[in-house]
Each structure stands twice: as C-alpha cells, then as structure tokens.
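FYI, the numbering for the sequence shown is -19 to -1, 1 to 170, going by mature numbering (1 follows the signal peptide of the UniProt record, and there is no 0). All remarks here apply to the structure that follows.
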Amino acid sequence: MNFASTAALSLAMSTDAFAAAIGKGAALHKPSLREALKTGLIFGVIEGLTPVAGWALGRVAAPYVAAWDHWIAFVLLCGIGLMMIKSSFSGQSEAPEKPASHTFWMLALTGFATSIDAMVVGIGLALLGADILITAAAIGFSTFIMVTAGVMMGRLLGAIAGKRAELIGGLVLISIGCLILYEHTRPGL
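Right, dumping it as structure tokens:
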C-alpha cells in the first residue's frame, strides 16, 4: 500500500471511534483535555492492535487464498463500508450505550467494539502482503487524534457530525476496495 492508501485507510478506520467519541464528549458536562487524551489513547492503542490480530489470522490463510486476495479485500472493505454507511442513516448508533462516567473498562469496551472492522481489514491486509506495522501505527495514531478531537467537539457537534463521519468513512473504505480490485485486475498485470 502506498502512503495515500495508508492515510485514507487510517482515516476511514478511525471514523467509527470518532463517532463514538463525539457521543462520549456530548455525554459529559465539560470534557477536559485530559479526559479527551485518555479516551484517545485507549481507543488508539486498541484500534492499532486489532488490525495486527487480523493480519496474523490472515497470514495463516494467505497461501490458500493468494489467487483470490484482491477479491477478498474488495468484498471485506466494501462490506464494512456499506455497514458504516447503513449505520450513518439509521436512527441509532451501533456503538455501546454511553456510560455516565468514562471508566477505563467502558472506554476499552467501546474502543474494541469500534475496532472490529479494523481486525477484518487486517485480514485483508495480510492477503495483500501489506506492511502491518506501519499501517497499524497509522491507524492507531489517526484514531488517537480523531477520538481526542471527537471528545472535545462532542458537545458542539452532537450526533449529526458523528453520523456524517461514519458515512464518509464508509465511502472511503468502498473506494479503497475498488482501487485494490482495479489494481489487481486491470489488463497488463
């Protein structure tokens, strides 16, 4: 994957967490920068580790599906993208219920719930032979920044911006899936 694809994927993977962070920020009376940084760090670490776990699973299966890897990545990315788009139009968020206070375990649970798609993307990255350490670090860093900003903006932006972020993230994932499929199936390869 090139720099632009890694950056776009990182942004797309952090949008679910961003949407959840806006909700968490909106649930607080006045979220402090410390609370936002703590939330961003927890989400970022989890979001950075889950694609590595998916990548490890995908590496085991890679020799068996090498001829179909681009189709698998395409289907996975488009499927996740479509789920994110559908969620952006639904009346309720798929994120877990917002807690009254931000304890470590509730933040970790929410972070994991929003990172399941990153694990699936990790499987696709293994099939493509992508450098998982760089990609996972980019996803984790992007999530840290997006979640920190989301908590701080939560009271101002509310649920509308969170839903838009999911829509944009879903469209980006579908675009990356189409680009991967095009790159692997175009004539002359």
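Note that CB positions come from ideal geometry on N, CA and C, so glycine has one too.
Between ILE104 and GLY35 a beta carbon distance of about 4 Å is seen, short of the 8 Å cut, so the two are scored as contacting. GLY4 is positioned such that its CB atom lies no closer than 8 Å to that of ALA107. Per DSSP, THR91 is one residue of the alpha helix (DSSP H) stretching across 85 to 94. Its chain contains GLY62, MET65, ILE66 as the residues whose beta carbon lies nearer than 6 Å to that of GLY151, once the 5 sequence neighbours on both sides are disregarded; these appear in chain order. Residue environment: ILE155 is assigned as buried (16 or more neighbouring CB atoms within 10 Å of its CB, all protein chains considered). Here PRO168 is exposed. Its C-beta has fewer than 16 other C-beta atoms within 10 Å. With at least 16 other beta carbons inside 10 angstroms of its own, LEU148 counts as buried.
Around VAL33, the same chain offers GLY103, ILE113, ALA117 as residues with beta carbons nearer than 7 Å, after the five sequence neighbours per side are excluded.
It is roughly 44 Å from the alpha-carbon of TRP52 to the alpha-carbon of SER13. CYS159 and THR166 have their alpha carbons spaced roughly 10 Å apart.
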